[in-house]
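Trainee: In our numbering, the protein residues as written are 1 to 312. Below is one structure. I have some questions about it.
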């Protein structure tokens, strides 16, 4: 059996989550191939060929993939799908956009957000916001799988010697057209790849107070900034800061939750963090149930004191 991993990349950089997906693929079978779809992929393909565990890198290079339109990506995967028993992609926004299309057009069931490989046809995945784990067995000839990257340790980005092969590129589907893209630029680490994250909740009270309290803490720790859905819905921060079931799933080495009560949807997105620190004035806040260290205190006093202590 041969496993295909759909790589995610940005500006010639292979996304860190792809390394986690390759790790999951290797637990299914050691024959793993990586598909890169995009434009000007020379540097990305060189990096991909060095990833540990990958036997072959497939390159689909064309201007029609420049903006990663789901219809074109899907059709490209379908053009080679018959060669594989398993097709894997990260359970990211992009992965969740293309894999349901692939599964539907292959007429197979999608297996979503696996966190463990038991055998080539049996997997574990969280359900009920992570409060239960389902064991899924799939008998479809092709397994269409999204991978929760926090469930698998990444493979090394170096040490591999994969061959590189160009594949025939499909024609433009013409079903969608790229208009524009707005991105948030930051010098801080990307949220899903950060080793440390500080997140703020509705307890911060406003966008101004979020910036005043959270940014010095993030700067001092060299951490990424996150937020609960309540803080995002209140307009304190942009949507891409959101951690939780309907936001980003993270598992950093350190997660600091400030003014976050700990709704089940938020816990589903961060409870796999290695060390969790919670600061909240409510001693009964659910966040303390998963925290390794909890501080019952006014965040407007505690966080500046913490920043000063860290600096000294």
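Beta carbons are placed, not taken as given, at the ideal position from N, Cα and C, and that holds for glycine.
Taking only the alpha-carbon atoms, compute the straight-line gap between residue 3 and residue 188 and give it to the nearest angstrom.
Mentor: Roughly 34 Å between the two C-alpha positions.
Trainee: To which residues of the same chain is residue 277 closer than 8 Å at the C-beta, ignoring the five residues directly before and after it?
Mentor: Answer for residue 277: 254, 255, 256, 257, 291, 292, 293, 294 and 295, listed in chain order.
Trainee: In the DSSP output, what is residue 293 paired with across the bridge?
Mentor: For residue 293, which the question treats as bridged, DSSP gives the partners 277.
Trainee: With a Cβ-Cβ cutoff of 7 Å, do residue 145 and residue 114 count as a contact?
Mentor: Against a cut-off of 7 Å, the Cβ pair of residue 114 and residue 145 comes out as a contact.
Trainee: From the DSSP output, in three-state form, read off residue 39 for me.
Mentor: Three-state result, residue 39: coil.
Trainee: Using CA atoms only, rank isn't needed, just tell me which of 154, 64 and 152 is closest to residue 171.
Mentor: Per the Cα distances, 64.
Trainee: Mind checking whether residue 109 and residue 140 have CB atoms under 7 Å apart?
Mentor: In contact: residue 109 and residue 140 (Cβ atoms closer than 7 Å).
Trainee: Residue 179 by DSSP, collapsed to three states: which one?
Mentor: Coil.
Trainee: Sort out for me which residues DSSP pairs residue 255 with in a bridge.
Mentor: BP columns for residue 255 point to 197 and 276.
Trainee: With which residues is residue 9 paired in a DSSP beta bridge?
Mentor: DSSP output for residue 9 lists 14 as bridge partner(s).
Trainee: Let me know if residue 134 comes out buried or exposed under the rule of 16 or more other beta-carbons within 10 Å of its beta-carbon.
Mentor: It counts as exposed.
Trainee: From residue 50 to residue 28, what does the alpha carbon distance come to, in whole angstroms?
Mentor: Taking the straight line joining both Cα atoms gives about 20 Å.
Trainee: Can you tell me whether residue 241 is buried or exposed? The criterion is at least 16 other CB atoms within 10 Å of its CB, across all chains shown.
Mentor: That one is buried.
Trainee: Going by DSSP, what residue range makes up the beta strand (DSSP E) through residue 165?
Mentor: 163–166 is the extent of the beta strand (DSSP E) around residue 165.
Trainee: Within 10 angstroms of its Cβ, does residue 126 collect 16 or more other Cβ (buried), or is it exposed?
Mentor: So residue 126 counts as buried.
Trainee: What is the residue span of the alpha helix (DSSP H) that residue 207 lies within?
Mentor: 207–221 is the span of the alpha helix (DSSP H), which, as asked, contains residue 207.
Trainee: So the candidates are 218, 220, 222 and 228; which of them puts its Cα closest to the Cα of residue 204?
Mentor: The shortest Cα separation from residue 204 among 218, 220, 222 and 228 belongs to 228.
Trainee: Tell me which residue opens and which closes the beta strand (DSSP E) that residue 114 is part of.
Mentor: Start and end: 110–114.
Trainee: Work out the CA separation of residue 76 and residue 101 for me, nearest whole Å.
Mentor: Approximately 12 Å between the Cα atoms of the pair.
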